[in-house]
Amino acid sequence: MTLPRTVGVFGGGRMGSGIAHAFLASGSRVIVVESDPETAAQAGERVSGSLAKADAKGALGVPLQDALSRLRTTADPGALAACELVVEAVPEDAALKAEVFALVERQAPDAVLASNTSSLSIGGLAEGLAAPERFLGLHFFNPVPVSELIEIVVGPRTDPALVVRAQEWAGALGKTPIIVADSPGFASSRLGVSLALEAMRMLEEGVASAADIDTAMTLGYRHPMGPLRTTDVVGLDVRLAIAEHLAR
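Reminder that position 18 of the sequence shown reads as 17 in numbering that gives the first Met the number 0, one-by-one numbering, no gaps.
Here it is, written out as structure tokens:
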């Protein structure tokens, strides 16, 4: 199955720009929506720069100008009307995400909606939607263009046929999907935060240096990156938000 012809990404930060990059590199048109023109322009620069870097390394997979020609950034949510899929990639704030989904559903009533949330309940986010059966979690991993995993989170009312389509989209993006039930932290964040917090405790207690703690996992357990280094990449703010959510 091919990817959606036109994909919307609401939020052009680190994750949103990475998601845009992934779809552009796989042939879709992408519309990135931000809160204001200045932020939208910054998102465009972020995506363009990411594409250019991949192209310079011979890792883009499509001609650079072709990918750039399929990118649009805007502060007008009405542009999402043309999208078959809209992926939300705003900060981990349930109220903010609910506002975004209400807005997107008005502008693109027939589109599949997906959240890139790393821990928030898909069922909870779907409560205000008119069509919760067309909603699911598509949790991408940072850095999105090179990460090989997508976590597909199935909400209580997600259409099973949509889950199958999402698996096919993941494959078309060159990524491996895993299917996860809607539970706190899903699979990846629940495990990742637990490991990261224990690594931080070990560092505080003087058990080993940060480098040696990470090396224990990279060489001992074949992790591509240690838990402390991973936390630096993910962001302490993101780790904290997930940990607080799980604690509740």
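Glycine included, C-beta positions come from ideal geometry on N, C-alpha and C.
| Using the C-alpha atoms, what's the distance from residue 129 back to residue 88? | Numbered from its first residue, the sequence shown carries residue 88 at position 89. Numbered from its first residue, the sequence shown carries residue 129 at position 130. Each residue's alpha carbon lies about 20 Å from the other.
Q: Taking only the alpha-carbon atoms, compute the straight-line gap between residue 73 and residue 29 and give it to the nearest angstrom.
A: As a first step, residue 73 must be located in the sequence shown, where it is residue number 74. As a first step, residue 29 must be located in the sequence shown, where it is residue number 30. Those two C-alpha atoms are separated by around 11 Å.
- Query: Where does residue 71 fall in DSSP's three states?
  - Reply: Numbered from 1 along the sequence shown, position 72 holds the residue referred to as residue 71. Here DSSP, grouped into helix, strand and coil, assigns residue 71 to strand.
Mind reading off the beta-carbon distance from residue 196 to residue 242? Whole number of angstroms is fine, and I expect it under 8 Å. The residue given as residue 196 occupies position 197 in the sequence shown. The residue given as residue 242 occupies position 243 in the sequence shown. 6 Å between Cβ atoms; contact.
Q: Identify the continuous alpha helix (DSSP H) that holds residue 134 and give its terminal residues.
A: To locate residue 134, count along the sequence shown from 1; it is residue 135. First-last for residue 134: 134-139, but that is the beta strand (DSSP E), not the alpha helix (DSSP H).
Taking only three categories from DSSP, how would you classify residue 13?
As a working note, residue 13 is residue 14 in the sequence shown. Reduced to three states, the DSSP call for residue 13 is helix.
Notebook entry, point to check: Roughly how many whole angstroms lie between the Cα atoms of residue 177 and residue 55?
Noted result: Against the sequence shown, residue 177 aligns to sequence position 178. Against the sequence shown, residue 55 aligns to sequence position 56. Rounded to the nearest whole angstrom, the C-alpha separation of residue 177 and residue 55 is 31 Å.
* To do: Might you give, ordered along the chain, the residues of its own chain that have their beta carbon closer than 8 Å to the beta carbon of residue 212, omitting 5 neighbours on each side?
  => Locating residue 212 in the sequence shown gives position 213, counting from the first residue. The residues are 198, 201, 202, 206, 225, 226, 227.
Given that a residue counts as buried once 16 or more other Cβ atoms are within 10 Å of its Cβ, and exposed if not, what is residue 120? The residue labelled residue 120 in the question sits at position 121 within the sequence shown. With 16 or more Cβ atoms within 10 Å of its Cβ, residue 120 is classed as buried.
(Q) Let me check one thing: in DSSP terms, what residues is residue 87 bridge-paired to? (A) In the sequence shown, the residue the question calls residue 87 occupies position 88. According to DSSP, which records beta bridges pairwise, residue 87 is partnered with 9, 114.
Rounding to the nearest angstrom, what Cα-Cα distance links residue 9 and residue 143 in this structure? Mapped onto the sequence shown, residue 9 falls at position 10. Mapped onto the sequence shown, residue 143 falls at position 144. About 16 Å.
Measure the Cβ-Cβ separation of residue 192 and residue 86 and say whether it is below 8 Å. Taking the first residue of the sequence shown as 1, we reach residue 192 at position 193. Taking the first residue of the sequence shown as 1, we reach residue 86 at position 87. Cβ distance not < 8 Å, so residue 192 and residue 86 don't count as in contact.
Starting from residue 175, follow the beta strand (DSSP E) in both directions and report where the run begins and ends. Taking the sequence shown and counting its residues from 1, one reaches residue 175 at position 176. In this chain, the beta strand (DSSP E) harbouring residue 175 covers 175-180.
Distance CB(residue 125)-CB(residue 139) smaller than 8 Å = In the sequence shown, counting from the first residue as 1, residue 125 sits at position 126. In the sequence shown, counting from the first residue as 1, residue 139 sits at position 140. Not in contact: residue 125 and residue 139 (Cβ atoms no closer than 8 Å).
Cross-strand partners of residue 250 (DSSP beta bridge)
There is simply no residue 250 to check, as the chain begins at 0 and stops at 247 in what is shown.
Worksheet entry | Helix, strand or coil at residue 206 according to DSSP, with G and I counted as helix | Stepping through the sequence shown from its first residue, residue 206 is reached at position 207. Looking at residue 206 - three-state DSSP - the assignment turns out to be coil, as it is neither helix nor strand.
* Please go through the segment 25-70 and give each complete beta strand (DSSP E) segment of 3 or more residues, from N-terminal end onward. => Fully enclosed beta strand (DSSP E) runs of 3 or longer: 28-32.
On the CB-based measure, 16 or more other CB atoms within 10 Å of its CB, does residue 137 come out buried or exposed? Position 138 of the sequence shown, counting from 1, holds the residue named residue 137. Looking at its Cβ environment, which holds 16 or more other Cβ atoms inside 10 Å, residue 137 is buried.
For residue 61 and residue 92, the rounded distance between their alpha carbons
Position 93 of the sequence shown, counting from 1, holds the residue named residue 92. Position 62 of the sequence shown, counting from 1, holds the residue named residue 61. Going from the Cα of residue 92 to the Cα of residue 61 covers about 35 Å.
Query raised in the report: Which residue from 11, 218, 159, 169 puts its Cα closest to that of residue 146?
Result: The residue labelled residue 146 in the question sits at position 147 within the sequence shown. When C-alpha distances from residue 146 are compared across 11, 218, 159, 169, the shortest belongs to 169.
Q. Quick one: what's got a C-beta closer than 8 Å to residue 161's C-beta in the same chain, skipping five residues either side?
A. In the sequence shown, counting from the first residue as 1, residue 161 sits at position 162. Here residue 161 has 111, 132, 133, 135 as same chain residues with Cβ atoms under 8 Å from its own Cβ, once five neighbours each way along the sequence are excluded.
Quiz item: Between residue 46 and residue 24, is the Cβ-Cβ spacing less than 8 Å?
Solution: Sequence index remark: in the sequence shown, residue 46 carries index 47 (1-based). Sequence index remark: in the sequence shown, residue 24 carries index 25 (1-based). In this structure, residue 24 does not lie closer than 8 Å to residue 46 by Cβ.
* To do: Have a look at 245, 82, 141 and flag the residue whose alpha-carbon is nearest the alpha-carbon of residue 230.
  => Taking the sequence shown and counting its residues from 1, one reaches residue 230 at position 231. With distances taken between Cα atoms, residue 230 lies closest to 141.
Assigned exposure category for residue 181 - 16 Cβ within 10 Å defines buried: Counting from one through the sequence shown, the residue named residue 181 turns up at place 182. Residue environment for residue 181: buried (at least 16 other C-beta atoms within 10 angstroms of its C-beta).
Cut-off 6 Å between Cβ atoms - residues of its own chain near residue 155, not counting five sequence neighbours on either side: Sequence index remark: in the sequence shown, residue 155 carries index 156 (1-based). Once the five neighbours on either side are set aside, the close Cβ partners of residue 155 are 122.
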